[in-house]
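Chemist:
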Amino acid sequence: MAGRIQQLEILNEVLMAIGQSLDREHMLRGCLPVMVRRLGCTCAVIVEWQGRGGWVLSHSLPRRIDKKAVLAGLPEPYEGSGSQEGKVWQAGARYYHAWQLPNEGWLVLGRGRPFDHLLRHELGGVARHLGLALVACEQYRELQRARRAADQEAELHRVTLQALAEALISIDGDGVVRRLNPAAERMLGSSADRLLGRPLAELIRLYPANPGEMLEAGLTGEPIDLRGKGTGEAFLQRPGAGPLPVHYTIAAIPDGAEGWRGMVVTLADRSERQRLEEQMSWQALHDALTGLPNRRLLSDRLNRAVAMADRYEKLLAVALVDLDGFKPVNDRFGHEVGDALLRAVARRMRDMLRSGDTLARLGGDEFVIVMEEIRSMTETGEILQRLLHALAQPFEVEGHRVVISASLGYTLYPILDEGDTDTLLRHADQAMYRAKEQGRNRIYLFDALERERQEIRVRRVREIRDAIGQGQMVLHYQPKVSMQEGAVVGCEG
Numbered sequence: 028m029a030g031r032i033q034q035l036e037i038l039n040e041v042l043m044a045i046g047q048s049l050d051r052e053h054m055l056r057g058c059l060p061v062m063v064r065r066l067g068c069t070c071a072v073i074v075e076w077q078g079r080g081g082w083v084l085s086h087s088l089p090r091r092i093d094k095k096a097v098l099a100g101l102p103e104p105y106e107g108s109g110s111q112e113g114k115v116w117q118a119g120a121r122y123y124h125a126w127q128l129p130n131e132g133w134l135v136l137g138r139g140r141p142f143d144h145l146l147r148h149e150l151g152g153v154a155r156h157l158g159l160a161l162v163a164c165e166q167y168r169e170l171q172r173a174r175r176a177a178d179q180e181a182e183l184h185r186v187t188l189q190a191l192a193e194a195l196i197s198i199d200g201d202g203v204v205r206r207l208n209p210a211a212e213r214m215l216g217s218s219a220d221r222l223l224g225r226p227l228a229e230l231i232r233l234y235p236a237n238p239g240e241m242l243e244a245g246l247t248g249e250p251i252d253l254r255g256k257g258t259g260e261a262f263l264q265r266p267g268a269g270p271l272p273v274h275y276t277i278a279a280i281p282d283g284a285e286g287w288r289g290m291v292v293t294l295a296d297r298s299e300r301q302r303l304e305e306q307m308s309w310q311a312l313h314d315a316l317t318g319l320p321n322r323r324l325l326s327d328r329l330n331r332a333v334a335m336a337d338r339y340e341k342l343l344a345v346a347l348v349d350l351d352g353f354k355p356v357n358d359r360f361g362h363e364v365g366d367a368l369l370r371a372v373a374r375r376m377r378d379m380l381r382s383g384d385t386l387a388r389l390g391g392d393e394f395v396i397v398m399e400e401i402r403s404m405t406e407t408g409e410i411l412q413r414l415l416h417a418l419a420q421p422f423e424v425e426g427h428r429v430v431i432s433a434s435l436g437y438t439l440y441p442i443l444d445e446g447d448t449d450t451l452l453r454h455a456d457q458a459m460y461r462a463k464e465q466g467r468n469r470i471y472l473f474d475a476l477e478r479e480r481q482e483i484r485v486r487r488v489r490e491i492r493d494a495i496g497q498g499q500m501v502l503h504y505q506p507k508v509s510m511q512e513g514a515v516v517g518c519e520g
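Numbering (this note's numbering), first residue to last: 28 to 520.
(1) Contact check, ALA346 vs TYR460 under 8 Å by CB: the rounded distance?
(2) In angstroms with no decimal places, state the Cα-to-Cα distance between ALA44 and ARG56.
(3) Under three-state DSSP, which class holds SER326?
(4) Measure the Cβ-Cβ separation of ALA228 and GLY202 and say whether it is below 7 Å.
(5) Can you give the Cα-Cα distance for GLY383 and GLU399, rounded to whole angstroms?
(6) Is the number of C-beta pairs between the region 373-393 and the region 461-472 that are closer than 8 Å three or more?
(7) Please go through the region 190-216 and give each complete beta strand (DSSP E) segment of 3 or more residues, from N-terminal end onward.
(8) Residues in its own chain within less than 6 Å of TYR167 by CB, not counting five upstream and five downstream?
(9) Taking just the CA atoms, how far does MET214 sit from ARG205?
(10) Assuming CYS58 and ARG138 form a contact by the criterion Cβ under 8 Å, report the distance between their Cβ atoms to the nearest whole angstrom.
(11) By the DSSP assignment, the alpha helix (DSSP H) with HIS313 in it spans what residues?
(12) Helix, strand or coil for PHE422 per DSSP?
(13) Per DSSP, which residues does TYR460 bridge with? Please list them.
(14) Does the region 415-432 come within contact of the region 349-363, defined as at least 3 CB pairs closer than 8 Å?
(15) Hey, VAL429 and LEU350 are a contact pair by Cβ (cut 8 Å); roughly how many whole angstroms apart?
(16) Going along the chain, which unbroken runs of the alpha helix (DSSP H) with 4 or more residues stay wholly within the region 50-81?
(17) Can you give me the start and stop residues for the beta strand (DSSP E) that PRO89 sits inside?
(18) To the nearest whole angstrom, what separates the beta carbons of LEU342 and ALA334, a pair I think is in contact under 8 Å?
(19) By the three-class DSSP mapping on this structure, what secondary structure does ALA154 have?
(20) Chain C beta carbons: is any one of them nearer than 7 Å to that of HIS184?
(21) Buried or exposed, going by whether 16 or more other CB atoms sit within 10 Å of the CB of GLN127?
(22) Just the Cα atoms here: how many angstroms apart are ILE396 and ALA387?
(23) Return the Cβ separation of LYS569 and LEU101 in integer angstroms, given the expectation that the two are a contact with Cβ distance under 8 Å.
(24) Measure the alpha-carbon distance for ARG370 versus ARG328 and round it to whole angstroms.
(25) So, for THR293: in the same chain, excluding its five sequence neighbours on each side, which residues have a beta-carbon less than 6 Å away from its beta-carbon?
(26) Can you list, in chain order, the residues of its chain whose CB lies under 7 Å from that of LEU88, leaving out five sequence neighbours each side?
(27) Identify whether ILE401 lies in helix, strand or coil by the three-state DSSP scheme.
(28) Report all residues from its chain with a CB closer than 7 Å to the CB of VAL153; omit the five preceding and five following residues, and keep chain order.
(29) Using the beta-carbon count (16 or more within 10 Å), is SER403 buried or exposed?
(30) Quick one: what's got a C-beta closer than 6 Å to GLY239's C-beta in the same chain, skipping five residues either side?
(31) What's the gap between the Cα of VAL186 and the Cα of ASP220?
(32) Tell me whether the beta-carbon of PRO250 lies closer than 7 Å to the beta-carbon of ARG232.
(33) Quick one: what's ILE442 bridged to in DSSP?
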């Protein structure tokens, strides 16, 4: 009788250990040691089926056991034992007892001798209780995972609503404001406490507008129905502020198959977008460092300048400026000083040019000047000479005194050059290199005749090389012989 009472106490202690936690890992770490200690087992194992991976020991006490012996008596998956007494098999000097769990796993206990029939039967109930507890743990874990996912989704919606640049206002079926985001508070110029619970029609009015319509057009026509679906451009009228161009969207919040229980109104400030578009357009056409027109804008202005020169029979000058000694400055003082020097050079050149002239930066230390409606070659030369002299004056840059110079080449359209815009730039570039060849810090005017002479020289050198390579030239010479030494000491052609 005392032994039976002791068995029941042991079973009760095991059951109490099983019900201590809804965390699977924590529960198994608590109940498996109790089974080993109180039932006199050598091991306690939870075995699970992993599909292609077969039977896997998901939890075991101790960690290192004879896996082959533990799995030796288990049936194929889904066969079951059909008995609460489970299965018993012997491997070596140990007996292994296995009970199927409701979650398609097994509880395996190893022992030096087998359990008696009654205890095996009662341990089957313990295994069933353990299996149900494991199912409950899994369900609890899924519930916690679902709650975390729901909380994350709610937080995502909250953060998204807070971060939206567009004003978002939710109204109920009566048109009363029930929810709005910070952007809506900023756009309406009031806090949520003062806006919630008030009819939206009392707070704002939307007047239809055509895309790109100016505010000076005024607010005309009937206001847009804030409880009717739609999207488009509009002017927003709000208390204490002028009209604001917006893009609006009004969408219904469904309630059932065909009904709706409110509306969501979104308002996007088009003035900010217009400002950003203008900024992006400016950045696409200007050099980020100096603010001067870039190559793309230069091409547009040069094409226009050529067309105007043709139409009104005016002179056009295209000059290319390359700084002398910029690289040593950059190498000595660093890129920050070099960039500051380029900005200072751009400012000084702008101050020396006329208001209608174009100064552009091609990149590096190269600049292009387009001078329209010039009266004569003399005037062009005087302006460019003054500019060259100004660039030779010292610069104070980031606490450093910097002295540089520039080489400038230019061409005149159409009296000296009749090419297209690309040709004008190429000829100005060639003239600039001639200025460098002649000693730098000087101006050189493109000379079409000199270019032709250079092309002829290049062509003749190429023809001679081709003739030598093809064996078309034969060298004839008269040797000079020293009568004293009897050896060839030279030759004559």
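Think of the CB as a built atom: it goes at the ideal place given N, C-alpha and C, for glycine as much as any other residue.
Modeler: Checking against the coordinates, here is how it stands:
(1) With a Cβ gap of about 13 Å, ALA346 and TYR460 do not count as contacting.
(2) 10 Å
(3) helix
(4) yes
(5) 7 Å
(6) no
(7) 194-199 and 204-207
(8) LEU49
(9) 17 Å
(10) In fact, because the Cβ distance is near 17 Å, the residues do not count as touching under 8 Å.
(11) No alpha helix (DSSP H) holds HIS313; DSSP gives it neither H nor E.
(12) strand
(13) Bridge partners of TYR460: none, in fact.
(14) yes
(15) The pair is not a contact, with the Cβ atoms about 11 Å apart (cut-off 8 Å).
(16) 51-66
(17) Element bounds for PRO89: n/a, residue is neither H nor E.
(18) No, LEU342 and ALA334 are not in contact; Cβ-Cβ is about 14 Å, not under 8 Å.
(19) helix
(20) Here there is only one protein chain, and chain C is not present.
(21) buried
(22) 6 Å
(23) Outside the displayed span of the chain (28 to 520) sits residue 569, for which this structure offers no information.
(24) 22 Å
(25) GLU193, LEU195 and THR276
(26) LEU59, PRO60, VAL63, CYS70 and ALA71
(27) strand
(28) LEU38, VAL41 and LEU42
(29) exposed
(30) Per-residue confidence for GLY239 stands at a pLDDT of 46, beneath the threshold of 50, marking its modelled position as unreliable; the derived number appears in the next sentence. Closer than 6 Å at the Cβ level, and outside the excluded window around GLY239, lies no residue.
(31) 20 Å
(32) yes
(33) DSSP lists no partner for ILE442.
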